[in-house]
Amino acid sequence: MKLLLLPLLLFSGLVPAFASEGVKEIEYRLAAATSMADERQLGLAMVDLIGSACSGNAGAAAVLGSRYMTGAGEFEQAPGKALTLLRFASQRGIARAMPDLVLLLSRANSSQAEIEEAAKWRKIGNALSPGSMEMAIAAQAFEIARNGRDATAGYQAAAVWLQKRNLGMSTEDASINCSAW
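Count the sequence shown with mature numbering (1 follows the signal peptide of the UniProt record, and there is no 0) and you get residues -19 to -1, 1 to 162, in order.
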């Protein structure tokens, strides 16, 4: 009996305490730890969120990308990390990532390629979340940044993405490499 329990005990020490936990639970733990000023629990929740996102959880990538975009409390602002994470989540159809991705790409000095990508995610976000207030705000920022530039290629890319999704084909072409972080 002891021989059977030993591997189980050893294995349980290698698995994070909240490995099976969902993104909502991690968000709750982040909020609770922040409100209680519990740095230990905050650190554990941050590690779990980063681990989940870097393991390919698109929902966690959306949450983490938003936090890196804004520099929310416990995470420093890192637009490069945010772009990678939000792009990954958006490619996997996580609608909550799309307004933030559009905002991140819609700056006064955005390149034509960034404007086209923002147009793509604006159109997809509107299709997946019609009437979303977040998408409406992102759309306004996009129009200001676009400043009359042609975004046809982005709209065409959105139509292709939506068609692939509707046909059950893969829409994924982004990945996350957290090794450098």
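No residue lacks a Cβ here, since even glycine has one placed at the ideal position from N, Cα and C.
- A Cβ-Cβ separation of about 4 Å places Ala39 in contact with Arg73 under the 8 Å criterion.
- Look at Gln58 here: in three-state DSSP terms it is coil, with no helix or strand label.
- Taking all protein chains shown into account, Ser87 has 16 or more neighbouring C-beta atoms within 10 Å of its C-beta and is therefore buried.
- Contact annotation: Ala43 and Ala78 have beta-carbon atoms nearer than 9 Å.
- Secondary structure at Asn90: coil, using DSSP grouped into helix, strand and coil.
- As the crow flies, the alpha-carbon of Ser91 is around 12 Å from that of Ala122.
- Here Arg10 really is in contact with Ala26; their C-beta atoms are around 4 Å apart, less than 8 Å.
- Here Asn107 is buried: its Cβ has 16 or more other Cβ atoms, across all protein chains shown, within 10 Å.
- For Asp29, the uninterrupted alpha helix (DSSP H) run begins and ends at 20 to 35, by DSSP.
- Annotated as distal: Ala41 and Leu23, with beta-carbon spacing of 9 Å or more.
- In the assembly as shown, Met17 is an exposed residue. Its beta-carbon has fewer than 16 other beta-carbons within 10 Å.
- With a beta-carbon spacing of about 6 Å, Trp102 and Ser71 fall inside the 8 Å limit used to define contacts.
- The three-state reading of DSSP puts Ser47 in helix, counting H, G and I together.
- Taking C-beta separations shorter than 7 Å and ignoring five residues to either side along the sequence, the partners of Leu45 in its chain run Leu30, Ile31, Ala34, Leu66, following chain order.
- Distance between Arg130 and Ala14, taken at the CA atoms: about 45 Å.
- Contact between Phe69 and Ile157 holds, since their C-beta atoms are separated by about 5 Å, short of 8 Å.
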